[in-house]
Amino acid sequence: MTDSSNARQRLIELARRTTAPTVVRKTAPSSGDIDAPEFDVAPGQIWVGRQQGRSALLVILEVNGDRRTAVAAPLSIEPGIEAADTLVVGPGASPLALTTVIWFDLKRAIPVRVLSRPLGKIAAPIFDLLTRTALNSQQVRQISDVRLGAPDYDVHSSNARVKADLEDLFELWASSLEPIDTPDKPITPPSSTLPVQLAQVVEMLGVPQPIAMAIIRRERPLTPDELARLAAGTGISEADLQPFEPSLPPELLIELEQPRWRLLVETTATSEGIDELTARRQLSQSAYELAARQRGDDTSLWRHKLRMVAYARLDNRPLEQLLVSLMPMIFDAAPAQAAAMLKHLESLSPGAATRLHEDPFAELESWDNVRVRRVPELDNLQGGVTAEDCSVSGSYDGALAPPTMVVTESLSHRRQCFTLLHELGHHLQQHDLHLGQAVLKHEHHKAFEDAACDAFAAEILLPSPMVEAIIAEHGTTVEAALELYRRTTASRAAICVRLAEHVCGPGVVAVIEPSGTVSFASAHGNLYPPRRGSDQRANPLVEAALANQRAAQVVRRDNALIQYSTGHTSAELYGQAAWCDGLLFIVMVEHSAPWRAFAPPREGPALRSAKARWGDCGVCNTNFEITDRCPTCREPRCPEGHCECTLAAERRCGKCFLMKHRTQFETGSTVCKECCE
22 MTDSSNARQR LIELARRTTA PTVVRKTAPS SGDIDAPEFD VAPGQIWVGR QQGRSALLVI
82 LEVNGDRRTA VAAPLSIEPG IEAADTLVVG PGASPLALTT VIWFDLKRAI PVRVLSRPLG
142 KIAAPIFDLL TRTALNSQQV RQISDVRLGA PDYDVHSSNA RVKADLEDLF ELWASSLEPI
202 DTPDKPITPP SSTLPVQLAQ VVEMLGVPQP IAMAIIRRER PLTPDELARL AAGTGISEAD
262 LQPFEPSLPP ELLIELEQPR WRLLVETTAT SEGIDELTAR RQLSQSAYEL AARQRGDDTS
322 LWRHKLRMVA YARLDNRPLE QLLVSLMPMI FDAAPAQAAA MLKHLESLSP GAATRLHEDP
382 FAELESWDNV RVRRVPELDN LQGGVTAEDC SVSGSYDGAL APPTMVVTES LSHRRQCFTL
442 LHELGHHLQQ HDLHLGQAVL KHEHHKAFED AACDAFAAEI LLPSPMVEAI IAEHGTTVEA
502 ALELYRRTTA SRAAICVRLA EHVCGPGVVA VIEPSGTVSF ASAHGNLYPP RRGSDQRANP
562 LVEAALANQR AAQVVRRDNA LIQYSTGHTS AELYGQAAWC DGLLFIVMVE HSAPWRAFAP
622 PREGPALRSA KARWGDCGVC NTNFEITDRC PTCREPRCPE GHCECTLAAE RRCGKCFLMK
682 HRTQFETGST VCKECCE
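Just so you know, the working numbering puts 195 at position 174 of the sequence shown, and the rest follows in order with no gaps.
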């Protein structure tokens, strides 16, 4: 029998006689690892070690001061495999609930980055045995269910093969530790943008402002000639101007080797098609750039930055949660930028805002310095422009001559107008130095520029005096949204933006398709909006509205939830929904809902079922929370006191649409006596 046949037969026999430890089968890697205290390497822990497709169980005996290595001894759980230099721990004493053999004679200092999953901790008396310089049977017999392994003098036995395999693996791991370079001076991470002013790049390089902004954003590399000219003109070194890969801080590299980041490294390696070493390098660079201008001499700093990178990359920690603290800076600052854009527009073409309000296409098609294109589908454009290039279904290319704004023809006319004005917002910001510099000063400049475009388009279509008058009458409610839609030609997206600007506290105003997916959403405060195209059918507010598409009815829920694209949700929100010309308006706020007399902030994201807690009144046509039932008909009674008894005694007039007692109708008539007069 060949060696390969022997190995295969051994695996079959092992699979027949054993199963994986319960703790292994019940614990799977998750993003929670990055915050779990058991992922701090400590003596006595049992781990799964894994690297380059080879794995083994091991116990930590000592953690070295360099934080990069730990002294560990291998474990095995194969029945009958042991040797004289092993400690055999029975199922009752092992955290694995299996007979566990500790090969203490094979202990080595191995990199902590090979540690994959913690499986528990051995008892203190057993760990004390392992730390002794020598073991004797008398010491071991004092601990229940623990003994020394039986000697095996056959160099060709299964015991000898297992020992040799474990010794080779630990030797391989120990030799895989790469050196870390220590820089001579403290490192300051580069800014996310080049440290130059927009006007400097335009003047010194002689490039249009959109190209200059792309250079500052590090989206377009500098040519050697441009690099030399910009360095000479600004006094900034070429190394600081051109994107580069600096020597990373040792503390950052050491932190990323810790086991808590193992899932992040593996996920990155798999998604990018790279090895783990390259993945760690890439993640280190991401954390380094994220640190902006902070010093990299504090371990807690790098752990914090890596947590942010992990939240953005791991599939069950949505990027929306990472950006929550940044939302006020992005969305709440956008109206001021939009006001500056309107002022600049007036200086370019007096009265243009009014003309754009009346007909954006006619106005912009009369301009000589821009071009407007209408296309069937954005993904068919040359140059690979797609709908992802903008928050709306359009695109803008300022590098063309003349700069070009593209709008999808398949949109409704209202939406096409909003999209075109959104793209005009990009044009204004990318062709005025003051507006462009305001964008680049923002830490998250792309999201800020896009939010400012939305605010600009909404202001053109829905002037402030009109919006403020309607909100003064209806509050920031879906009733206000419906009224704005009725009185203007503005798109629902524009109405969302304008209404969101007036929300008291964190909130979201959105438009939902009949399929339950998001058509458009705008946010206020530190509440991240649902992503366009994300499925919101699991939101109790949307679920109720989809089940009842009567246009005259406003649906309300106090347990509305934003469903993020990863499947996670926001905290519970107060919500309203109403159908508008085939699409659904929804308004959701954390507190101070204007349609409720009392709407305090929620303490946390506790979820509860909405089933069988809400009803529809057939008399006053409202949706209400069921808190009372009629003692006669036993059916839910609305806050106005209506129930099935009321409905039996009243009917709605087909002319004035008021509910009146049945005595107010002639027999067989659907119109009340008053309307017949």
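Cβ coordinates follow ideal geometry from the N, Cα and C atoms, glycine included.
- The beta-carbon separation of residue 548 and residue 596, rounded to 12 Å, does not stay under the 8 Å limit for a contact.
- If one requires a minimum length of 4 residues, the alpha helix (DSSP H) runs lying completely within the stretch 454 to 489 are 454 to 462 and 466 to 482, in chain order.
- Less than 8 Å divides the Cβ of residue 201 from the Cβ of residue 271.
- Here DSSP, grouped into helix, strand and coil, assigns residue 580 to strand.
- Distance from the CA of residue 167 to the CA of residue 194, rounded to the nearest whole angstrom, comes to 29 Å.
- Residue state for residue 440 is assigned as helix, using DSSP reduced to three classes.
- Closest by C-alpha distance to residue 305, out of 282, 145, 188 and 291, is 282.
- Collapsing the DSSP output to three states places residue 257 in coil.
- Remark: three or more beta-carbon pairs, one from each stretch, lie closer than 8 Å, so the stretch 67 to 77 and the stretch 118 to 138 are flagged as touching.
- If you ignore the 5 residues before and after residue 479, its C-beta comes within less than 6 Å of the C-beta of 515, 518 and 519, all in its own chain and listed in chain order.
- In this structure residue 231 is not in contact with residue 361, their Cβ atoms being roughly 18 Å apart against a cut-off of 8 Å.
- Exclusion of the five residues before and after residue 298 leaves 199 as the residues of its chain whose Cβ lies within less than 8 Å of its Cβ.
- Sixteen is the threshold: since fewer than 16 other Cβ atoms of the shown chains lie within 10 Å of the Cβ of residue 467, the residue is exposed.
- Annotation: residue 194 is outside any beta strand (DSSP E); the continuous alpha helix (DSSP H) that includes it extends over 179 to 196.
- Looking at the DSSP output, residue 234 shares a beta bridge with no other residue.
- Scanning its chain for C-beta atoms nearer than 6 Å, with the 5 sequence neighbours on each side dropped, one finds around residue 559 the residues 584, in chain order.
- Annotation for residue 601: the continuous beta strand (DSSP E) segment containing it runs 594 to 601.
- A direct Cα-Cα distance of roughly 10 Å separates residue 487 from residue 508.
- Between the beta-carbon of residue 91 and that of residue 80 there is about 10 Å, and that puts the pair past the 8 Å contact cut.
- Using a Cβ distance threshold of 8 Å, residue 529 and residue 606 do not count as a contacting pair.
- Distance from the Cα of residue 465 is smallest, within the candidate group 439, 354, 535 and 437, for 354.
- Across the structure, residue 612 and residue 544 are spaced so that their CA atoms are roughly 14 Å apart.
- Taking 8 Å as the upper bound for CB-CB distance, residue 99 and residue 176 are not in contact here, some 18 Å apart.
- The count of Cβ pairs closer than 8 Å, one atom from the stretch 364 to 371 and one from the stretch 448 to 457, reaches three, so the stretches are in contact.
- When the alpha-carbon of residue 533 is set against those of 524, 555 and 526, the nearest one is in 555.
- In the DSSP annotation of this structure, the continuous segment of the beta strand (DSSP E) that includes residue 541 starts and ends at 539 to 545.
- Distance from the CA atom of residue 564 to the CA atom of residue 540, rounded to whole angstroms, is 16 Å.
- Secondary-structure assignment with DSSP links residue 121 through a beta bridge to 110.
- Secondary structure note for residue 137: it is in no alpha helix (DSSP H), and the uninterrupted beta strand (DSSP E) holding it is 136 to 142.
- Under the 10 Å beta carbon count, residue 417 is surrounded by 16 or more other beta carbons and is classified as buried.
- For residue 102, the CB contacts under 8 Å within the same chain, skipping 5 residues up- and downstream, are 122, 179, 180 and 183 in chain order.
- Judged by DSSP in its simplified three-state form, residue 92 adopts strand.
- Residue 250 and residue 226 do touch by the CB rule: their CB atoms are close to 6 Å apart, below 8 Å.
- In the DSSP assignment, residue 159 falls outside any beta strand (DSSP E) and lies within the alpha helix (DSSP H) extending over 158 to 162.
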